[in-house]
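Chain order of the listed sequences is R and F. Position one of the first sequence corresponds to residue 57 (our numbering), numbered consecutively onward. Position one of the second sequence corresponds to residue 57 (our numbering), numbered consecutively onward. Just so it is clear, CB atoms sit at the ideal spot from N, CA and C, and this is done for glycine as well. Keep in mind that this is a model prediction, so the values were computed, not measured.
There are 2 protein chains.
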Amino acid sequence: MHKEKILIVEDERKISDIVKSYLEREGFDVTTAETGRETLKLIKDRFDLIILDLKLPDIEGEEVCRSIRGISDVPIIMLTAKSSEDERVKGLGIGADDYIVKPFSPRELVARVKAHLRRTKKGEKKVLSFNKGILIIDTTSMEVKKREAPVSLTTTEFRILLCLAERPGAVLSRLQLTNTVQGYDFEGYDRVIDAHIKNIRHKIEDNIQKPVFIKTVYGAGYKFIGVRD
Amino acid sequence: MHKEKILIVEDERKISDIVKSYLEREGFDVTTAETGRETLKLIKDRFDLIILDLKLPDIEGEEVCRSIRGISDVPIIMLTAKSSEDERVKGLGIGADDYIVKPFSPRELVARVKAHLRRTKKGEKKVLSFNKGILIIDTTSMEVKKREAPVSLTTTEFRILLCLAERPGAVLSRLQLTNTVQGYDFEGYDRVIDAHIKNIRHKIEDNIQKPVFIKTVYGAGYKFIGVRD
DNA sequence: AAAAACTGTAAAGAACTGTTACAGACAGGA
DNA sequence: TCCTGTCTGTAACAGTTCTTTACAGTTTTT
Chain R
57 MHKEKILIVE DERKISDIVK SYLEREGFDV TTAETGRETL KLIKDRFDLI
107 ILDLKLPDIE GEEVCRSIRG ISDVPIIMLT AKSSEDERVK GLGIGADDYI
157 VKPFSPRELV ARVKAHLRRT KKGEKKVLSF NKGILIIDTT SMEVKKREAP
207 VSLTTTEFRI LLCLAERPGA VLSRLQLTNT VQGYDFEGYD RVIDAHIKNI
257 RHKIEDNIQK PVFIKTVYGA GYKFIGVRD
Chain F
57 MHKEKILIVE DERKISDIVK SYLEREGFDV TTAETGRETL KLIKDRFDLI
107 ILDLKLPDIE GEEVCRSIRG ISDVPIIMLT AKSSEDERVK GLGIGADDYI
157 VKPFSPRELV ARVKAHLRRT KKGEKKVLSF NKGILIIDTT SMEVKKREAP
207 VSLTTTEFRI LLCLAERPGA VLSRLQLTNT VQGYDFEGYD RVIDAHIKNI
257 RHKIEDNIQK PVFIKTVYGA GYKFIGVRD
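This is how it looks when you write it as structure tokens:
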């Protein structure tokens, strides 16, 4: 069975240690971060759920939450010392899925984590198949097949392809792609994506001149075209 | 736009009335039930979310929750007077997605409802359809269709059309349009917009002489005419 | 009818993309 | 440890597409 990956963002070691041990006892794969910056860099690792302290040493938790929401739908549970209604409602407003007020019981946190994962885990398909099985993307083994033949993509290439294929038809900008692929605060060159796209196309397209799967949207980015089966 | 359907199961009229009015104010389609039996009969109506009181006159709320879970994944928020940790954890354990302890603030309830709906609703595309589907603008794929036929617009053309179509009937000045399209500190020529409008008309209008969708407002700018469906 | 505002066109100019080549980073094996 | 091959990010170039400009001509308003 696949272990669910959970990220805990909390600057107080004491708290994150306790939470971590509780979650690990339940069989989760737990990573911890202490700062907002660290968090944003880790996002590319595709966690299944994030537990986020509202008060962080560098960036405000709300800011981090919004940033994550900009590029991902991962469930976020906020930890907050503030318990006034305004703060609580605000937390949900900025994109958190839930919050827990400190001091909280670890058991309750675990229960909430499970409740959220139960929901998201459902419709999640681990294998994406397009155009009557011509292109198959297996997210767990990170394998791609075209007409039954395995295609070897690098990690970066795989991430880009997956990011596009998860939303067939949707136009994704180069920035959105770098965010998902390299981490949020990547400062580099947009054109990196172009280079990777070229390589991916060489591997999955029949005719590079006329790409079928990854289309270029002039002035906007790229989009994946395909019919899920 | 499709109204989300919410079912409130609560035997105390006073409470359900308040919650109902708050939710309706937010544009939800609200139904109420007072007993467990009633609830189970209503489930087939496929609600988008259910608010369920733990204490009901006939069947226990937990029982109802389990029954619903047997046939549906609809998000369930439990209302409970019990606030001991055990009860709360139990609530989540039997399949509820969330719980709120009475007495609760209606604002918070609304916020939680929205948070849950946001999650299930994702993947929903933002599509503008006008005049009985004659003109369709899909914002995520950046595609426009006229009478089912795809129209290929450039990114700038798309932005201008979208900007106009988002506010049918509203007159937008050339300045407003350049701002949306090129950014705020654009110093250039207003006439750029004219050129783009011309190009867009060529692509989406049946008769360039008599544009139906984009009308010129002499001395002011342009407006989009269309009925949303 | 005069003035003001709008449209069409074509060409210059700007911006964007695909491609190639290369250097540094990294990982695995000898 | 050092070597090797692979991967990733950078840079530059050419070809393409789009945007802007300028101007001439048309339409609308007063």
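Inset, instruction - For my contact list, R:C219 and R:L228 are in at a C-beta cut-off of 8 Å; report their separation, rounded to the angstrom. - result: Sequence index remark: in the first sequence, residue 219 of chain R carries index 163 (1-based). Sequence index remark: in the first sequence, residue 228 of chain R carries index 172 (1-based). Between R:L228 and R:C219 the Cβ distance is about 7 Å, and since that is below 8 Å, they are a contact.
Legend entry - Close Cβ partners of F:K201 (< 6 Å) along its chain, the five nearest in sequence each way excluded: On the second sequence, position 145 is the one that residue 201 of chain F refers to. Taking C-beta separations shorter than 6 Å and ignoring five residues to either side along the sequence, the partners of F:K201 in its chain run I192, following chain order.
Legend entry - Neighbour flag for R:Y274 against chain F, beta carbons, 8 Å: The residue you call residue 274 of chain R lines up with position 218 of the first sequence. Closer than 8 Å to some Cβ of chain F, the Cβ of R:Y274 qualifies, so yes.
Inset, instruction - Tell me whether the beta-carbon of R:A167 lies closer than 8 Å to the beta-carbon of F:G117. - result: Along the first sequence, one-based indexing puts residue 167 of chain R at 111. Along the second sequence, one-based indexing puts residue 117 of chain F at 61. The beta carbons of R:A167 and F:G117 sit no closer together than 8 Å.
Legend entry - Where R:V120 falls, given that 16 or more other Cβ within 10 Å makes a residue buried: Looking up residue 120 of chain R in the first sequence gives position 64. Taking all protein chains in view, the Cβ of R:V120 is crowded by 16 or more other Cβ atoms within 10 Å, so the residue is classified as buried.
Legend entry - Alpha carbon of F:P113 to alpha carbon of F:L165, nearest angstrom: As a first step, residue 113 of chain F is located in the second sequence; it is residue number 57 there, counting from the start. As a first step, residue 165 of chain F is located in the second sequence; it is residue number 109 there, counting from the start. Spanning the two alpha carbons is a distance of roughly 23 Å.
Legend entry - F:K170 versus F:E68, F:K271, F:F269 and F:L79, residue with shortest Cα-Cα distance: Taking the first residue of the second sequence as 1, we reach residue 170 of chain F at position 114. Closest by alpha carbon: F:L79.
Legend entry - Opening and closing residue of the beta strand (DSSP E) in which F:S185 lies: Looking up residue 185 of chain F in the second sequence gives position 129. For F:S185, the uninterrupted beta strand (DSSP E) segment begins and ends at V183 to F186.
Legend entry - Neighbouring residues, chain R, relative to F:D153 (Cβ below 7 Å): Residue numbering aside, residue 153 of chain F sits at position 97 when the second sequence is read from its first letter. Close to F:D153, with beta-carbon spacing below 7 Å, are these residues of chain R in chain order: A171 and R175.
Inset, instruction - Could you name the residues of chain R that F:R257 contacts, counting a contact when the two beta carbons are closer than 9 Å? - result: Position 201 of the second sequence, counted from the start, is the residue given in the question as residue 257 of chain F. Simply none; closest approach about 20 Å.
Inset, instruction - Please state if the CB of R:D154 and the CB of R:I133 are separated by a distance shorter than 8 Å. - result: Counting from one through the first sequence, the residue named residue 133 of chain R turns up at place 77. Counting from one through the first sequence, the residue named residue 154 of chain R turns up at place 98. Yes, they are a contact pair.
Inset, instruction - Per DSSP, which residues does R:P206 bridge with? Please list them. - result: Along the first sequence, one-based indexing puts residue 206 of chain R at 150. DSSP, once it has assigned bridges, lists R:K201 as partnering R:P206.
Legend entry - Opposing strand residues paired with F:F280 [DSSP bridges]: The count along the second sequence starts at 1 and reaches residue 280 of chain F at position 224. For F:F280, which the question treats as bridged, DSSP gives the partners F:I270.
Legend entry - Neighbouring residues, chain F, relative to R:K279 (Cβ below 7 Å): Walking along the first sequence from the start, residue 279 of chain R turns up at place 223. In chain order: S197.
Inset, instruction - Return the Cβ separation of R:I216 and R:H258 in integer angstroms, given the expectation that the two are a contact with Cβ distance under 8 Å. - result: In the first sequence, residue 216 of chain R corresponds to position 160, counting from 1. In the first sequence, residue 258 of chain R corresponds to position 202, counting from 1. Rounded to whole angstroms, the Cβ separation of R:I216 and R:H258 is 13 Å, and the two are not in contact under 8 Å.
Legend entry - Within chain R, the residues that F:T211 reaches when beta carbons sit closer than 8 Å: Counting from 1 along the second sequence, the entry for residue 211 of chain F is found at position 155. Here the neighbours are V273, Y274, G275 and A276.
Inset, instruction - Could you tell me the distance, in whole angstroms, from the CA atom of F:I115 to the CA atom of F:G282? - result: As a position in the second sequence, residue 115 of chain F is number 59, starting the count at 1. As a position in the second sequence, residue 282 of chain F is number 226, starting the count at 1. F:I115 and F:G282 have their C-alpha atoms some 51 Å from each other.
Inset, instruction - Taking the CB atoms as reference points, tell me whether R:K100 and R:T195 lie closer together than 8 Å. - result: Within the first sequence, numbered from 1, the residue matching residue 100 of chain R stands at position 44. Within the first sequence, numbered from 1, the residue matching residue 195 of chain R stands at position 139. Taking 8 Å as the Cβ cut-off, R:K100 and R:T195 do not qualify as a contacting pair.
Legend entry - Contacts around R:F214, its chain only, beta-carbon distance under 6 Å, and the 5 residues preceding and following it disregarded: The count along the first sequence starts at 1 and reaches residue 214 of chain R at position 158. Same-chain partners within the cutoff: M198.
Legend entry - R:I124, enclosing alpha helix (DSSP H) - first and last residue: Counting from 1 along the first sequence, the entry for residue 124 of chain R is found at position 68. Here the alpha helix (DSSP H) through R:I124 covers G117 to I127.
Inset, instruction - Answer yes or no: does any C-beta atom of chain F fall closer than 8 Å to that of R:R168? - result: Position 112 of the first sequence, counting from 1, holds the residue named residue 168 of chain R. Taking Cβ atoms only, chain F reaches closer than 8 Å to R:R168, which makes this a yes.
Inset, instruction - Report all residues from its chain with a CB closer than 7 Å to the CB of R:N187; omit the five preceding and five following residues, and keep chain order. - result: As a position in the first sequence, residue 187 of chain R is number 131, starting the count at 1. Cβ within range, chain order: G282 and V283.
Legend entry - Contacts of R:G282 in chain F (Cβ-Cβ under 7 Å): Mapped onto the first sequence, residue 282 of chain R falls at position 226. Within chain F, no residue has its CB atom less than 7 Å from the CB of R:G282, the nearest being about 12 Å off.
Legend entry - Whether F:I156 touches F:L135 by CB criterion (8 Å): Counting from one through the second sequence, the residue named residue 156 of chain F turns up at place 100. Counting from one through the second sequence, the residue named residue 135 of chain F turns up at place 79. Closer than 8 Å, so yes.
Legend entry - R:D246 in three-state terms, based on DSSP: Counted from its first residue, the first sequence places residue 246 of chain R at position 190. Of the three classes helix, strand and coil, the one that applies to R:D246 here is coil, per DSSP.
Legend entry - Identity of the residues DSSP links to F:L96 by a beta bridge: Working through the second sequence from its first residue, we reach residue 96 of chain F at position 40. DSSP lists no partner for F:L96.
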